[in-house]
Each structure stands twice: as C-alpha cells, then as structure tokens.
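Report on one structure; see the data block that follows.
Residue numbers (the working numbering): 698 to 960.
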C-alpha cells in the first residue's frame, strides 16, 4: 500500500508511512528466506535411527556439527510433527505355518485361546480356554476381569499337576502368549510353544470351533450379572461337554469316553 502511494501519488516514504501509521523500519523490512532442508534431512536421519529420540537429544546431537539456533531447530521439529509422541509398532518374529494335525495321544498338543464378553452392568471380562486337541477335552475355562501371563502360567501349573505336561501348546499372538514369562516357563518344562500366523485363526481350528460353541450356547444365550454366574455356568457347560456331549469327529463319543478307551 505504501509503495503504491509513493508511486501513484508522488508522496515521500515518510509521508506515505505517516498516512498509513506504520513505521518506516517495518516498511523497509525484507524477510529473510531461510532454507530448512538441511535441518529437515538431519532430523529425518536421526528419527529413522532413533525412533524414540526427543527434541533436546536431537538438538545436542545436531549441534556437534552445526550452528543452528535451538529455536530454529524446534520450529522445524514441530512443523515436521516430531513433537507428537509416536508409538513404535511392535513387530512379531516371522511365524512358520504349522499344519493342524490330529494328535494320536492325549497331552501331545494343547490349544489355548481367549474370549471376551461383558456383564449386565457393562463390565468386560475374559475367558481363558484350554483344550486337548487329541480328544477335544476342554481342560479349563477360567473367567476373570484380567488374565495376565502370570495367571495363565498358574492355570497351566494346576493342570500339569493333575494331568501331566503336554508336549506342545499352540497359541495365537496375544500379548499374554508372547510374554517372556510364558516362554521361560515352557522352556523350563521342555514344552514346545507354537504360534500360529497372525490373522490365521483356523491354524488353531480345534479350539476356535470350541470357542464358537461357547459363544453360541453360553455367552450369547444368557445374561450374566456377576463373574460367579459366569464361572458357575461355564463349569457346568465344560463338564457336560467333556462327559456327555457326543462329538462327530470322535465317532459320536464324548471326550472322556475316548480318553478312557485310549487308557
């Protein structure tokens, strides 16, 4: 505006600035165009090598070889969105596909899996299901609000005292199953812990089919108000499933009948 007044109306710089009520210093100011590409490249390289690095750690690393002001570096840092805490993606080791074979004796292969549902008041709870793949016997159904890895190990300890150790346990990639505690326990007991491939639940098909029966016949069929009701009904269902329910895959015998014949 001041430039057009000076050019069109032949005013002096002082007169134009007084008319617009701006200082002559502001009128004469020329913005300094800075190239931030070197800072961007340096920060990208740091973040790729150190995903959890913070601003000050980044700045002092860059300062060793550069003279950038910390305010300038922080401006570029925030413009790149690096001040937002990033959650590193947890990477699973490669899972080898395991064939779902039919064991020829009990305690060869156990399968474990979790299920989730909610009580009448909205509280969530979980079920830990453990199955012997040989005779489809449901060894345990544990219901609780939280079932961490140490609780899973306690349940397995109780089962092994009653039934003996399995040769293999097949699980998915849930946080309780990939925990270090369960891995150490299985190695101490000389149990092979086998993981299915992510997104391939039918590689653990025996327990997945049992989960479907539990969902259809219990969780979707009844309204539970307390955990005690869940535990009582699941235990009754487990006993009936093991002792009285004929299984087509077992030539219409119950799991206990097949186990007794095998013994």
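Built from N, CA and C at the ideal position, the CB exists for glycine as well. Because the structure is a prediction, the values reported are computed rather than measured.
| Item | Value |
| --- | --- |
| DSSP-derived helix/strand/coil call for residue 773 | helix |
| Which residues DSSP lists as bridging residue 807, in chain order | 829, 866 |
| Cβ pair count under 8 Å reaching 3, the segment 872 to 888 against the segment 899 to 906 | no |
| Cβ-based burial, residue 798 [other Cβ within 10 Å; buried from 16] | exposed |
| Validate contact between the segment 829 to 838 and the segment 931 to 946 using beta carbons, cut 8 Å, 3 pairs | yes |
| DSSP state of residue 842 mapped onto helix, strand, coil | coil |
| Inter-stretch contact at 8 Å, needing at least 3 Cβ pairs: the segment 837 to 856 / the segment 821 to 828 | yes |
| Residue environment, residue 847, which counts as buried when at least 16 other CB atoms sit within 10 Å | exposed |
| Closest residue to residue 934 among 916, 856, 816, 863 (Cα-Cα distance) | 916 |
| For residue 919, three-class secondary structure by DSSP | coil |
| Contact set for residue 821: own chain, Cβ-Cβ below 8 Å, skip 5 residues either direction | 813, 814, 815, 842 |
| Proximity test, residue 890 beta-carbon vs the ligand MN heavy atom, cut-off 8 Å | The ligand MN is absent from the structure shown, which contains no ligands of any kind. |
| Reduced DSSP secondary structure (H/G/I, E/B, other) of residue 900 | helix |
| Proximity below 9 Å, CB of residue 809 to CB of residue 866 | yes |
| C-beta contact flag for residue 864 and residue 805 at 9 Å | yes |
| 9 Å Cβ cutoff met for residue 747 and residue 754 | yes |
| Where the alpha helix (DSSP H) through residue 879 begins and ends | 877 to 885 |
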